[in-house]
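Heads up: the sequence lines are chains A and B, in that order. 1 is the number of the first residue of the first sequence in this note's numbering; add one for each residue after it. 1 is the number of the first residue of the second sequence in this note's numbering; add one for each residue after it. In this text, a Cβ means the ideal position worked out from N, Cα and C, and glycines have one as well.
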Amino acid sequence: MAWLAKSLNSSLGKKLLMAITGLFLISFLVIHCGLNATIFLNDGGKAFNEGAEFMAHNPIIRTMEIVLFGGLLLHIFDGLRLWLDNKKKRPVAYAVVDGAANSKWYSRSMGLLGTLLLLFLIIHLKHFWYFSRLTNNLTETHTLYNEMQVVFTSPIVVAIYVLGCISLGYHLLHGFQSAFQTLGWNHPKYTPTIKAIGAIYSIIIAAAFAAMPIAFYFNLIQ
Amino acid sequence: MEGHLNLTLKIWRQKNANVAGKFETYQVSGISTDMSFLEMIDVLNNRLIEVGDDPVAFDHDCREGICGMCSMYINGRPHGPNRGVTTCQLHMRSFQDGETITVEPWRASAFPVIKDLVVNRSAFDRIIAAGGFVSVNTGNAQDANNLPIPKDDADEAFAAAACIGCGACVAACKNASAMLFTSAKISQLALLPQGKVEAAKRAEAMVAQMDEEGFGACSNTGACEAECPKGISLENIARMNREYFSATFSSK
Ligand code: HEM
Ligand code: SF4
Ligand code: FES
Numbered sequence: 001m002a003w004l005a006k007s008l009n010s011s012l013g014k015k016l017l018m019a020i021t022g023l024f025l026i027s028f029l030v031i032h033c034g035l036n037a038t039i040f041l042n043d044g045g046k047a048f049n050e051g052a053e054f055m056a057h058n059p060i061i062r063t064m065e066i067v068l069f070g071g072l073l074l075h076i077f078d079g080l081r082l083w084l085d086n087k088k089k090r091p092v093a094y095a096v097v098d099g100a101a102n103s104k105w106y107s108r109s110m111g112l113l114g115t116l117l118l119l120f121l122i123i124h125l126k127h128f129w130y131f132s133r134l135t136n137n138l139t140e141t142h143t144l145y146n147e148m149q150v151v152f153t154s155p156i157v158v159a160i161y162v163l164g165c166i167s168l169g170y171h172l173l174h175g176f177q178s179a180f181q182t183l184g185w186n187h188p189k190y191t192p193t194i195k196a197i198g199a200i201y202s203i204i205i206a207a208a209f210a211a212m213p214i215a216f217y218f219n220l221i222q
Numbered sequence: 001m002e003g004h005l006n007l008t009l010k011i012w013r014q015k016n017a018n019v020a021g022k023f024e025t026y027q028v029s030g031i032s033t034d035m036s037f038l039e040m041i042d043v044l045n046n047r048l049i050e051v052g053d054d055p056v057a058f059d060h061d062c063r064e065g066i067c068g069m070c071s072m073y074i075n076g077r078p079h080g081p082n083r084g085v086t087t088c089q090l091h092m093r094s095f096q097d098g099e100t101i102t103v104e105p106w107r108a109s110a111f112p113v114i115k116d117l118v119v120n121r122s123a124f125d126r127i128i129a130a131g132g133f134v135s136v137n138t139g140n141a142q143d144a145n146n147l148p149i150p151k152d153d154a155d156e157a158f159a160a161a162a163c164i165g166c167g168a169c170v171a172a173c174k175n176a177s178a179m180l181f182t183s184a185k186i187s188q189l190a191l192l193p194q195g196k197v198e199a200a201k202r203a204e205a206m207v208a209q210m211d212e213e214g215f216g217a218c219s220n221t222g223a224c225e226a227e228c229p230k231g232i233s234l235e236n237i238a239r240m241n242r243e244y245f246s247a248t249f250s251s252k
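The structure is reproduced here in structure tokens:
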């Protein structure tokens, strides 16, 4: 298997790992966002709590949760490694750089956006994953939905979530189509479609997630 | 219509690879808008030589956009403000009277500065030497149509072969990555029947050499494609990825 390790440790291999783990996280976000969006049914969290309950006890979902954490850690580890490696390739910086002339700022800032995301994720996991999985605070009368209502009374928390979603949106705006390029899928037939889907996906995911804390904070849902 | 410019130049001066460099500021006046950027530096150098100063060292050869030597990072962009041109094809009409122009060498650990604006791009030669060839006896020219090649493939191979090895892709990339160059050199052969025979070995050897030379990974920002004077497409990088990973599972 030395041949596989060698391939995955090359500059191309490290990116392949980013693309595969990134696309996996992208597929997870669809489910996460879809389930959470049930709060907008404004049914006092009934549908949401049922979904959360199902997720918490289904063995397949619980297994996928472990795979998800593994994938996320790989993505973070590989991303930080690439970021630090790449920085070393230009020891003397340019005095003048006109980056806007040839590329999008967010495509050049994936490491920064990823780090902001990581900080947000730590806070986010503490708020809900830690609360629901590792403490006994979850009861019939204090559901995950009720916990959201409590957490999102703080304007600072709401601001952090909105910033997290903006970082996510830009990370995905570049990352979605970038992952397909890394996989070698670049063709005039379908690349424009991939780019369009990537942009729509990024905007919908970021906007939908950001709307959740905002809706609670302004009591738009009960 | 010809005009004349007075310019302030901030040019990177560095004696050799082992000492630190710094910017020097020069004033040039009466520069014709019809001059190329290199001719403008020639004017400055003549003046420096007249007063007994060391002229600015820079690479150049063809001065017609085909040799890829004239590496200069001008006002934050490789080969200056225009797309699709090398520095020798950049004309002073692209600048304003009174402008300050900052000129730097390509900056990448794989391209050490030799002197001033001249960098050593032999890392590119070693990438080619690692696999950018076909091991066939060339002999006489074949009969026409002996080896049918679809027009589209021939065109694509030819477009990749337009790469002049100038290094603007590396200079533009935030990671100093040489993916666009290497992928062009892999593609120009991988697309043709003569190149398919050694495709797997070639992709592995050239990527390994590229990594060893100390070029960065690809973040798919697209800066290389935008700054490439020959319009080499990112599709080549995707093709290189396909070639490389299929080689991972197929090479002997
Ligand atoms: C839910 C969270 C995340 C998703 C869906 C996601 C998705 C993606 C995708 C699809 C890519 C593009 C891969 C490619 O270009 O081939 C990417 C790149 C990247 N991600 Fe993430 N990511 C997430 C979180 C993070 C975190 C927490 C970090 C932490 C440091 C991070 C760091 C990076 C970096 C540095 C890159 C760019 C690598 C490069 O192009 O050199 N990401 N991400
Ligand atoms: S790919 Fe373009 S920018 Fe890079 S070396 Fe070739 S011609 Fe120059
Ligand atoms: S001097 Fe040959 S390309 Fe500019």
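- Message: Distance check for B/E24 and A/A95, CA to CA, integer angstroms please.
- Response: 13 Å
- Please specify which runs of the beta strand (DSSP E), each continuous and at least 3 residues long, are wholly inside the segment 160-205 of chain B, giving them in chain order. none
- Query: Helix or strand or just coil, what does DSSP make of A/W129?
  - Reply: helix
- Query: Per DSSP, which one or two residues make a beta bridge with A/K87?
  - Reply: Beta-bridge pairing links A/K87 to no other residue.
- Task: Report the partner residues of B/S36 according to the DSSP bridge assignment.
- Result: B/H91
- Message: Please report the straight-line C-alpha distance between B/D42 and B/P78, rounded to a whole angstrom.
- Response: 19 Å
- Message: So for B/R13, helix, strand or coil by DSSP?
- Response: strand
- Message: Which same chain residues end up closer than 6 Å to A/A47 when comparing Cβ atoms and leaving out the 5 residues on each side of it in sequence?
- Response: T38 and L41
- Task: Please look up how many angstroms separate the CB atoms of B/I31 and B/M92, rounded, as I've assumed it's under 8 Å.
- Result: 6 Å
- Item | Bridge-paired residues (DSSP) for A/F180 | Looking at the DSSP assignment, A/F180 forms no beta bridge with any residue, so it has no partner.
- Message: Going by C-alpha to C-alpha distance, which of A/S103, A/L163 and A/S107 sits closest to A/A224?
- Response: The structure shown has nothing for residue 224 of chain A, since chain A only spans 1 to 222.
- With 16 other Cβ atoms within 10 Å as the buried cut-off, status of B/F215: buried
- Query: Is the distance from the Cβ of B/C166 to the Cβ of B/A178 below 8 Å?
  - Reply: no
- Of the choices B/P112, B/F124, B/S250 and B/V136, whose alpha-carbon is the least far from that of B/N18? B/P112
- Message: For a test of the three-state rule: what should DSSP assign to A/V96, helix, strand or coil?
- Response: coil
- Please go through the same chain and pick out, in chain order, the residues whose beta-carbon is closer than 7 Å to the beta-carbon of B/V85, but skip the five residues on each side of it. G65, H79 and P229
- Item | Local Cβ density within 10 Å of B/M35, reported as buried at 16 or more and exposed below that | buried
- Rounded straight-line distance, which links the Cα of A/H127 to that of A/T141: 18 Å
- Query: Given a threshold of 16 other Cβ atoms within 10 Å of its Cβ, counted over all protein chains shown, does A/Q177 qualify as buried or as exposed?
  - Reply: buried
- Query: Going along chain B in order, which residues have a C-beta closer than 7 Å to the C-beta of A/L82?
  - Reply: A217
- Task: For the segment 206-223 of chain B and the segment 141-152 of chain B, state whether three or more C-beta atom pairs, one from each stretch, are separated by less than 8 Å.
- Result: no
- Task: Show which residues of chain B have a CB atom less than 7 Å away from the CB atom of A/N186.
- Result: L234, E235 and A238
- Query: So is the beta-carbon of B/L180 under 7 Å away from any non-hydrogen atom of the ligand SF4?
  - Reply: yes
- Message: Any beta carbon from chain B within less than 8 Å of A/M110's own beta carbon?
- Response: yes
- Does the ligand HEM have a heavy atom nearer than 7 Å to the CB of B/A217? yes
- Item | Within chain B, the residues that A/A101 reaches when beta carbons sit closer than 7 Å | R77
- Item | Residues within the segment 165-181 of chain A neighbouring chain B, beta-carbon criterion of under 7 Å | S178 and Q181
- Task: Check the DSSP bridge columns for B/K22 and list the partner residues they point to.
- Result: B/R13
- Task: Determine contact between the segment 153-160 of chain B and the segment 98-111 of chain B, defined as no fewer than three beta-carbon pairs at a distance below 8 Å.
- Result: no
- Message: Please identify, using Cβ separations under 9 Å, the residues of the segment 84-100 of chain A that lie next to chain B, in order along the chain.
- Response: D85, N86, K87, K88, K89, R90, P91, V92, A93, Y94, A95, V96, V97, D98 and G99
- Query: Shorter than 8 Å from the beta carbon of A/K15 to some beta carbon of chain B?
  - Reply: yes
- Message: Between B/A154 and chain A, is the shortest Cβ-Cβ distance under 8 Å, so that the two count as touching?
- Response: no
- Message: Assuming B/E259 is part of the alpha helix (DSSP H), what are its boundary residues?
- Response: A query on residue 259 of chain B cannot be resolved here, the shown segment of chain B reaching from 1 to 252 and no further.
- Considering A/E147, what are the terminal residues of the alpha helix (DSSP H) in which it resides? L144 to V151
- Item | Closer than 7 Å: B/H60 CB and nearest the ligand FES heavy atom | yes
- Item | N-terminal and C-terminal residue of the beta strand (DSSP E) that B/E104 is part of | T100 to E104
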